[in-house]
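In the numbering used here, the protein residues as written are 5 to 254.
Okay, here's the thing in structure tokens:
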């Protein structure tokens, strides 16, 4: 039995999709709408061997981009499945209030994902300049011709602790500096190799201001290597509801 693949959720009054719009799969499955009450799900049949292949990932993004250009859409992440169209309609009915609120909240907004990591050499210079204890141990070891194994080990532990503390401080500061230009914030999972992995919900007409704020941070924090991905469909803000920045007036 063929499952239903879900691209996103829109209002039942969404202008619709081009006839014969192609989705995932090979051959490509035709995209259609499943409507229930005030909502509509953008769906197609799902391939039996669904995997995150490049062609299907691009097809998923293409459907969302085209549908999103015609009106607000809540994007589902790649691989969202339901047993059939009737099950999709049942979920639309059950969660109508939540999806309607999210459609209103995300209308006219996009997501920017910001990741940051340290430039290793630059952050070591910064740590040594800021940390008197590290400087004292370095100087003592230098005068002792490099120091004993235990002294070198202590220096290494001090440097690692200082770098970790700087990572935590920089993560908080980066988010704090970008929050004023965002409507909401969603932090990504820890342990990804980045000191910060944060998604920001940004008004389309405020994107230039947000990106300018990122460039200002790049200039003022040369020890940070910052990567920005966007504009994206607001995947991180479909649910649970986003957290508003501390100074938000909404």
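Idealized CB from N, CA, C, for every residue including glycine.
Which whole-angstrom value is the C-beta distance of residue i and residue j, which I expect to be below 8 Å?
| i | j | result |
| --- | --- | --- |
| residue 181 | residue 221 | 6 Å |
| residue 56 | residue 83 | 7 Å |
| residue 50 | residue 85 | 6 Å |
| residue 8 | residue 92 | 6 Å |
I'd like the list of long-range same chain contacts for residue i, defined as Cβ closer than 6 Å, with 5 residues on each side in sequence excluded.
| i | result |
| --- | --- |
| residue 236 | 115 |
| residue 26 | 32 |
| residue 213 | 185 |
For the candidate residues the options, whose alpha-carbon lies nearest to that of residue i?
| i | options | result |
| --- | --- | --- |
| residue 111 | 124, 32, 171, 79 | 79 |
| residue 37 | 219, 168, 18 | 18 |
| residue 73 | 21, 96, 213 | 21 |
| residue 76 | 209, 165, 217, 16 | 16 |
| residue 90 | 242, 129, 10, 201 | 10 |
| residue 23 | 35, 31, 12, 95 | 35 |
| residue 2 | 105, 239, 98 | Here the chain covers residues 5 to 254 and nothing more, so residue 2 does not appear. |
| residue 200 | 172, 52, 59, 101 | 172 |
| residue 174 | 92, 121, 134 | 121 |
| residue 186 | 170, 208, 81, 64 | 208 |
| residue 160 | 179, 132, 67 | 132 |
| residue 52 | 157, 30, 61, 44 | 30 |
| residue 47 | 226, 88, 59, 61 | 88 |
| residue 135 | 158, 105, 167, 108 | 167 |
| residue 129 | 228, 205, 102, 206 | 228 |
Who are the near neighbours of residue i in its chain, counting only those whose CB is closer than 8 Å to its CB and skipping five residues on each side?
| i | result |
| --- | --- |
| residue 250 | For residue 250, the predicted structure reports a pLDDT of 46, less than 50, and the residue's modelled location is therefore unreliable. The matter cannot be settled from this model. |
| residue 71 | 11, 12, 14, 18, 21, 46, 77 |
With a threshold of 16 other CB atoms inside 10 Å of the CB of residue i, please say whether the residue is buried or exposed.
| i | result |
| --- | --- |
| residue 154 | exposed |
| residue 253 | Interpretation of residue 253 is limited by its pLDDT of 38, a score under 50 that renders its predicted location unreliable; the figure taken from the coordinates is listed afterwards. Exposed, since its Cβ has fewer than 16 Cβ neighbours within 10 Å. |
| residue 124 | exposed |
| residue 190 | buried |
| residue 197 | exposed |
| residue 59 | exposed |
| residue 108 | exposed |
| residue 218 | buried |
| residue 157 | exposed |
| residue 4 | The structure shown does not extend to residue 4, since the chain spans only 5 to 254, so no value can be given for it. |
Give a yes or no on whether 8 Å exceeds the smallest Cβ distance from residue i to chain D.
| i | result |
| --- | --- |
| residue 173 | The structure shown has no chain D; it contains just one protein chain. |
Short of 7 Å in beta carbon distance, which residues of its chain neighbour residue i, apart from the five on each side in sequence? Order them along the chain.
| i | result |
| --- | --- |
| residue 234 | 114, 115, 116, 117 |
**Request:** Ignoring anything shorter than 3 residues or poking outside the region 174-235, list the beta strand (DSSP E) runs there in chain order.
**Result:** Counting only runs of 3 or more residues that sit fully inside the region 174-235, the beta strand (DSSP E) segments are 188-191, 200-207, in chain order.
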